[in-house]
Amino acid sequence: MNQRGAILPSVVIFVFLLATVMIGTSRIYKNQMQQMMLTENYYLIHTMIALSKVDFQRQLVKSPTLEKAVFNFEDGKVEVDREKENVYVFIGKTKNNLSNPIKVSVSFPNKEKTNTKSDPAKSDETTEVNSE
Numbered sequence: 006m007n008q009r010g011a012i013l014p015s016v017v018i019f020v021f022l023l024a025t026v027m028i029g030t031s032r033i034y035k036n037q038m039q040q041m042m043l044t045e046n047y048y049l050i051h052t053m054i055a056l057s058k059v060d061f062q063r064q065l066v067k068s069p070t071l072e073k074a075v076f077n078f079e080d081g082k083v084e085v086d087r088e089k090e091n092v093y094v095f096i097g098k099t100k101n102n103l104s105n106p107i108k109v110s111v112s113f114p115n116k117e118k119t120n121t122k123s124d125p126a127k128s129d130e131t132t133e134v135n136s137e
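Sequential numbering from 6 applies to the sequence shown in the numbering used here.
Set out below in structure tokens:
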């Protein structure tokens, strides 16, 4: 190691390895942050849809022929469209557009069939993720 010029290759290899570790660590951190933001966005949309379901069911009791509705929130909006009789599609979108809109089909029980007040949490639900 005391030979002339042996230090430069050692320093170059050390710097290369250090740069490789730092770049790898930064990529891992970036991927984790993106995944966390997507997960947060997913839960935000599902929360907005859950709040919309409760409010929409109240509106549906007052007006059973309701076809469409739009619920605006601070972070996004939820659009409701009638698909079939007693089946509605809730489409949730956020303002930051981090992920695609999420579609949820909800079947509200028919009022004539049930004598008790229905709970929106107990309604039949199917979730679809839009892949646009």
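Don't be surprised by glycine CBs; every beta carbon is placed ideally from N, CA and C.
C-alpha gap between residue i and residue j, whole angstroms
i, j, result
"residue 54", "residue 26", "42 angstroms"
"residue 86", "residue 92", "9 angstroms"
"residue 11", "residue 50", "60 angstroms"
"residue 94", "residue 67", "19 angstroms"
"residue 60", "residue 23", "56 angstroms"
"residue 82", "residue 101", "11 angstroms"
Identified DSSP bridge partners for residue i
i, result
"residue 61", "Partner(s): none; residue 61 has no beta bridge."
"residue 86", "73, 94"
"residue 18", "Answer by DSSP bridge pairing: none, since residue 18 is not bridged."
Close beta carbons around residue i, own chain, < 8 angstroms, minus the five adjacent residues each side
i, result
"residue 103", "42, 43, 46"
"residue 35", "none"
Same chain only: Cβ atoms within 7 angstroms of residue i, ignoring 5 sequence neighbours per side
i, result
"residue 136", "With a pLDDT of only 41 at residue 136, under 50, the local geometry of the prediction cannot be trusted, and the value read off the model is given with reservation. Same-chain partners within the cutoff: 105."
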